[in-house]
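Structure first, then comments.
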Amino acid sequence: MVAGFLDNAQPIRLAYIGGLSYNLESLNQYVFGQAGSSIKAWMMLHDKNIDFFLNSVFSKNLNDRQNALIQKMSAVPEPEKEKDSPKSNGELILEFLASRGELL
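Be aware that the sequence shown starts at 3, since it is given in our numbering, and climbs by one per residue.
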């Protein structure tokens, strides 16, 4: 009975409710909260091949909200860091991406 009902089901696209703020926190919540486990599964199935992953990600186009967030965040100066402090993993990844010319 249920199978007959589901046979006619159509997939629905994720919807964005207009007016909600799009910021770094909401982006992080989506990437790590909703997509994080899928990204992990994908990476595990591809032997954690970061080059293939990055090439796949950087081949995607950004939408207007994502471009606006990048512009907004680029305009915010980062606080100065101590010269002798070790670099975080995030800083090391950004340096790697910049060395490959894959940052905007």
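Quick reminder that beta carbons are idealized off the backbone N, C-alpha and C, glycines included.
A quick note: this is a predicted structure, and the numbers were derived from the prediction, not measured.
query	result
Distance check for Ser40 and Met46, CA to CA, integer angstroms please.	10 Å
For Arg102, does the three-state DSSP call read helix, strand or coil?	coil
So Arg67 and Tyr32 are supposed to be a Cβ contact under 8 Å. How far apart are they, rounded?	With 8 Å as the limit, Arg67 and Tyr32 do not qualify as a contact, their Cβ atoms being about 11 Å apart.
Once DSSP output is grouped into helix, strand and coil, what is the label at Leu47?	helix
Val59 by DSSP, collapsed to three states: which one?	helix
Let me make sure I understand the geometry here. Which of Asn65, Leu56 and Leu64 has the alpha-carbon closest to that of Ala100?	Leu56
For Leu26 and Leu71, which I take to be in contact (beta-carbon distance under 8 Å), what is that distance rounded to the nearest angstrom?	7 Å
Kindly indicate which three-state DSSP category Lys89 falls into: helix, strand or coil?	coil
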